[in-house]
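Scroll down for the structure; my scribbles are underneath it.
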Amino acid sequence: MDFKIEPPKILTETLETMSIVSFESKEEISNGVIENVTIEHQEAVRVSMEKMMFRHVTITESSLEQIEFTDMVFENCDFSNVNFTTSFIHRTEFRNCKLIGTNFSQSRLQNVRFLNCLGDFSNFRFINMKQVSFEDCSLLSADFYTAAHQKLNFTRCNMDQMYMVGTKLKGVDLSDCSFDVLTVEADDLDGCMIASHQASTFVGLMGMIIR
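The numbering of the sequence shown is our numbering, which starts it at 210 and goes up by one.
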C-alpha cells in the first residue's frame, strides 16, 4: 500500500463501558465501549456514532440506513446482512469482523481499513471510497459495481467471483490477491497491476485464446 490511512482518533483507555440494546433514528452515541452483546431487529436512520469501540458485538436482522461512523473500531463483530446503505464511515477500522452479505451500497468511506474480515457476498455497489484498504479479507462474490475510489488497496484478499464492472482499477494492485474469476470490463483494467500468473483470467477480454 503506497498511501497512508488516517487511524481512528480515540484513546481506548478513556472510553467508558456502555449498554446498548437498540438504536433510535437520529440518535447520537459517543465515547464508549460496547461489548459482548447481540442487537436484533433494529430499523433506524441517521444514527451517529463517534469515538466508539465495539468488541464481540452482533447486529442481526437490522436496517441502519444513513448511519455515520467516525473514529470507530470494530473488533470481532458480526454485521452479516445488515443494511448500512447510504452511510458515511470515516477513520474507522473493522478488525476480524464478519460482514457476509452486509450492504454498504451508495455509502461514502474515507480512511477505512478492513483487516482480516469475512466479507463474502457483501455489497459495495455505487460506493465512493477515498483511502480505503482491504487486507487479508475474504471477498468471495462481493459486488463492487461502479465503485468510485481514490487510493484503494487490496492486500492478500480472496477476490474470486467478485463483480467489478464499471469500477476503474487504474493504480490498484491485485498482484498478491487470489481469484480464478473476476468480472470486469476491459476498459476497467487500464493501469491495474496484476501478477503474471493472473493474466490468463483476463485474456478473454482482449479476444485472445490460450492454447
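For each residue, glycine too, the CB sits at the ideal point set by N, CA and C.
Item: Close Cβ partners of residue 360 (< 7 Å) along its chain, the five nearest in sequence each way excluded; Value: 212, 339, 340
Item: Closest Cα partner of residue 259 within the set 244, 240, 271; Value: 240
Item: Straight-line Cα distance separating residue 369 from residue 393; Value: 12 Å
Item: Distance, residue 347 Cα to residue 328 Cα; Value: 6 Å
Item: Continuous beta strand (DSSP E) stretch holding residue 340: start and end; Value: 337-344
Item: Uninterrupted beta strand (DSSP E) stretches inside the stretch 271-330 (no shorter than 3 residues); Value: 272-274, 277-284, 297-304, 317-324
Item: Through-space distance from residue 221 to residue 235, alpha-carbon basis; Value: 25 Å
Item: Which listed residue (253, 271, 280) has its alpha carbon closest to that of residue 261; Value: 280
Item: As assigned by DSSP and simplified to three states, the class of residue 204; Value: Outside the displayed range of the chain (210 to 420) lies residue 204, so it cannot be described from this structure.
Item: Cα-Cα separation, residue 402 to residue 309; Value: 27 Å
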